[in-house]
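Shown next, in structure tokens, is the structure this report addresses.
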Amino acid sequence: MKFDEIQIRVRYGETDQMGVVYHGNYALYLEMGRIEWLRKLGISYKSMEENGIMLPVVSLNVNYKKSACYDDVINVKTQLKSRPTAKIEFDYEITNEKGEILTTASTTLVFIDTKTNRPTKAPQYILDAIDSLD
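Right, here's the structure in full:
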């Protein structure tokens, strides 16, 4: 459906003693992809939170295929899985400079009303921004 891609250069502090990206850092790469995907729609996490909506991750699935290493440039492709409801789902593909798939992943996030701390429907401005991409 709708996707975006960003490039990230692996920093030394993101790797283990062997120069391989520590597995937990992939969640950060996915978050960076997701934040940029929203930003390119004109939506920021900060403004969402200021307007009473939080978007916590409720599910994260990562499949590791190959290692990323220090100083590699990786490409994070973020794709919206379906039109949001009370949740928004993304699929990801992380590749290296050769185009080899390093990681595939998916996340599910839920729209939470900060006043009630309960799930809520996706804000209309987000749906409108997504619909404008068609």
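Under the working numbering, read the sequence shown as residues 1161 to 1294, first letter to last. Idealized CB from N, CA, C, for every residue including glycine.
- Exclusion of the five residues before and after K1281 leaves A1246 as the residues of its chain whose Cβ lies within less than 6 Å of its Cβ.
- Taking 3 residues as the minimum length, the beta strand (DSSP E) runs contained wholly in the stretch 1221 to 1286 are 1233 to 1240, 1247 to 1255 and 1261 to 1270, in order along the chain.
- Remark: three or more beta-carbon pairs, one from each stretch, lie closer than 8 Å, so the stretch 1221 to 1238 and the stretch 1177 to 1189 are flagged as touching.
- In this chain, E1165 is not harboured by any alpha helix (DSSP H); it is covered by the beta strand (DSSP E) spanning F1163 to R1169.
- Counted as a single uninterrupted DSSP element, the stretch harbouring S1292 is not any alpha helix (DSSP H), since DSSP gives it neither H nor E.
- Residue environment: Y1172 is assigned as exposed (fewer than 16 neighbouring CB atoms within 10 Å of its CB, all protein chains considered).
- Taking all protein chains in view, the Cβ of G1193 is crowded by 16 or more other Cβ atoms within 10 Å, so the residue is classified as buried.
- Looking at the DSSP output, I1213 shares a beta bridge with D1273.
- Going by beta carbons, K1200 and L1293 fall outside the 7 Å limit.
- Cβ neighbours of V1222 within its own chain (closer than 7 Å, five residues either side excluded): Y1186, T1263 and A1265.
- Nearest Cα to G1212 within the set S1219, S1204 and E1196: S1204.
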